[in-house]
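Working notes, beginning with the structure itself.
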Amino acid sequence: MNFEMLASLKLLAEILSKSVRWPGSKSFSINQLMDELFDIAYQSLQIVTICVTFMGIIIVLEYSFHMRLVLNDDGLVPGFAMILLVRELAPIVTALLLTSKNGASISAELASMKNTEQIDAYRLLGVDIIESFVAPKVLAGTLATWGLALLSLAIAMLGSLFAAVTFLNFTVGTYTQSMTAFIEVSDLGLLSIKSIVFGITFPAVSALKGLSAEFGAEGVGKAATDAVVACSIIIIIEDFIVTYFYSMF
Amino acid sequence: MFKRLLELLGNHFYFLGDLLRAARRYRFEWEEFLTQLSHVGVRSLPTTCTAGLFTGAIMAVQFHMQLKDFGAEAVLGGLNTSGTLREVGPVLIAFMLAGKVGAYTSAELGTMRVTDQFTAVECLGINPLSYLVFPRFLAVSISSVVLLIFGLVISIFGGMIAAAFVGGSNPQQFLSAIPRFATLSGVLLALTKSVIFGALMAQICCANGWWTTGGSVGVGKAVRRTATQSMVAIVIADFSISWIFNGLQRYFE
């Protein structure tokens, strides 16, 4: 047990270090990065945007309920709701969606490559599996999470503006005034830190689960579901750690 | 795009109709049901508890940052519990369950489909929908509801621990502020959301597993479709339930 854990930690460290060095190495190819970005980012654009926008609308509605309970006034709702959206929900919802959509497929792909002995064949040819198959996915996953979190945030802001004007008697002016009074540039920094951390996590952990899959078709399925569960739990724990350190400053 | 969406919805309703008709006509498989309950329910308990604990903790740290500026740390417990119960808790825990329970069940049913096990069962004169699918449907929906409620209760403890950590409020203060905010309507909203999310997940994972075609690649596709559809369904259902509840609340006030 302990030995296996150490071995997978070593594999994870190898994946991370090779992914960081990949843009400078000789196996870097911009076409491969674009292919991975198409798979991860473009294919998930619709679903991520829809989910984050709906989250933004719900947060505005729920916050107005709470604010009326505490302060008997919901004038501060846009500011509070947008802070929660920027700091918390946009990165974590994007990361969890990308995890279940792409983490499972990364892990299943590598596990079935291992099962059909393609990985051994590549190793025999002297191809570095991690550098040529895993590193592009990690880099693309990081860029995709960051970009999608920012893009979906922008659309979610418009969506919740629409909801607040329609359901809650705000005007566009009062809404933007209250929103800009609270959001600072450092909040976007927190969003970037979070989405980059989550974006590194989900491809790396899924690839780790895929590469250490057991044999047989059952092993592939197990690797895929294990990857989603492990990534989601790790992402939530990382979220807590990052938020906790941010709250200390 | 719109036509495809309507087709998908129609297929889901047809599947649900077939499933319920088969379940009413043939006897209920208690053994299979209990096995599935232990498979999808009990084994997901640690995952759900971790997710709930950290969801509560994250929300407590966030709320503390916002309340600190107003000197309103005394209401942290109530606001955090109410916010997590009503909104963020059900959605995040349901996302986690869709990744675990939904993917597991649709992968299992999909593998049965592509290895022709449904056809084999049918040849033996047994209805596969009532024998294999319906017990899973019921097990997934019941265990999702129970797991969601478990996760939500644990999120209160997570929030309490985190609040003590960041210095927002001590546990007594935290707990005593809860009843002012987490009222009956909040708990009812959380329960409604849990029940509806559980039913949605069960329907989506069973239907996509049943419709699987095309070998082991098809199983992967079915799992991916399950994840996508359940997440969109959960978010849209969440919005609709919150909206309807808000309307009802205003009406009764």
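Chains as they are written, first to last, in my numbering: chain A, 114 to 362; chain B, 691 to 943.
C-beta atoms are modelled at their ideal positions from N, C-alpha and C, and glycine is treated no differently.
Judged by their CB atoms, A:Ile170 and A:Gly334 are not nearer to each other than the 8 Å cut-off. Taking 8 Å as the upper bound for CB-CB distance, B:Gly910 and A:Ala326 are not in contact here, some 13 Å apart. Residue range Gly779 to Leu787 is occupied by the alpha helix (DSSP H) that includes B:Pro780. Here the region 814-833 of chain B makes no contact with the region 856-875 of chain B; the two share fewer than three CB pairs at distances below 8 Å. Of all residues in the region 898-927 of chain B, only Ser906, Val909, Gly910, Val913, Arg914, Ala917, Thr918, Met921, Val922, Val925 and Ile926 place a beta-carbon less than 8 Å from a beta-carbon of chain A. Nothing from the region 809-826 of chain B brings a Cβ to less than 8 Å from some Cβ of chain A. Taken through DSSP and simplified to helix, strand or coil, B:Trp901 comes out as coil. Interface flag for B:Lys693 against chain A is unset, since no Cβ pair is found closer than 8 Å. Per DSSP, the continuous alpha helix (DSSP H) segment holding B:Thr801 begins and ends at Ala793 to Val804. Spatial neighbours of B:Arg714 in its own chain (CB-CB distance under 6 Å, excluding positions within 5 residues in sequence) are not present.
Counting C-beta atoms within 10 angstroms of its own C-beta, A:Trp259 has 16 or more neighbours from the protein chains shown and is therefore classed as buried. Within the region 857-934 of chain B, the runs of alpha helix (DSSP H) that reach at least 4 residues and sit entirely inside it are, in chain order, 861-866, 868-871 and 874-900. Taking 8 Å as the cut-off, the Cβ atoms of B:Met921 and A:Ile160 count as close.
For B:Lys758, the enclosing alpha helix (DSSP H) has its first and last residue at Leu735 to Lys758.
Shown here, B:Gly761 sits in coil according to DSSP, grouped into three states, outside any helix or strand. For A:Phe358, the three-state secondary structure derived from DSSP is helix. A:Glu201 reaches chain B at Ile748, Met749, Gln752 and Val778, counting residues in chain order whose Cβ is nearer than 9 Å. When only Cα atoms are considered, A:Gly312 and A:Ala340 end up about 14 Å apart. When Cβ pairs closer than 8 Å are counted between the two stretches, the region 748-761 of chain B is seen not to touch the region 885-900 of chain B, the count staying below three. DSSP, reduced to helix, strand and coil, places A:Asn282 outside both helices and strands of the structure shown, so it counts as coil.
Between B:Gly767 and B:Ala867, the gap from beta carbon to beta carbon is short of 8 Å.
The residues Val730, in chain order, have a CB closer than 7 Å to that of B:Tyr794 in the same chain once the five nearest residues on each side in sequence are set aside. Using a CB distance cut-off of 8 Å, A:Gly334 counts as an interface residue toward chain B. In this structure, B:Leu890 and B:Ala829 do not form a Cβ contact; the two beta carbons are roughly 15 Å apart against a cut-off of 8 Å.
For chain B, the residues of the region 337-357 of chain A that bring a beta carbon within less than 7 Å of one of its beta carbons are Ala337, Thr338, Val341, Val342, Ser345, Ile346, Ile349, Ile350, Asp352, Phe353, Thr356 and Tyr357, in chain order. According to the DSSP assignment, A:Pro316 belongs to the alpha helix (DSSP H) that extends over Val298 to Leu324. Not one beta carbon of chain A lies nearer than 8 Å to the beta carbon of B:Val830.
Residues of the region 752-774 of chain B with a C-beta atom less than 8 Å from some C-beta of chain A are Gln752, His754, Met755, Gln756, Ala762, Val765, Leu769, Ser772 and Gly773, listed in chain order.
In this structure the region 842-851 of chain B lies against the region 727-744 of chain B, because at least three pairs of beta carbons, one per stretch, are closer than 8 Å. Look at A:Gly334 here: in three-state DSSP terms it is helix. Residue contact check for A:Met168 against chain B: a CB pair falls below 8 Å.
Proximity of chain B to A:Lys214 at the Cβ level (cut-off 8 Å) is accounted for by Arg914, Ala917 and Thr918, in chain order.
Secondary structure note for B:Phe723: its alpha helix (DSSP H) is the uninterrupted segment Trp720 to Gln726. At a cut-off of 8 Å between beta-carbon atoms, B:Thr738 makes no contact with chain A.
In the three-state reduction of the DSSP assignment, A:Asn144 falls in the helix class, which pools H, G and I. Taking a C-beta distance under 8 Å as the contact criterion, A:Thr166 and B:Gln752 do not qualify as a contact pair.
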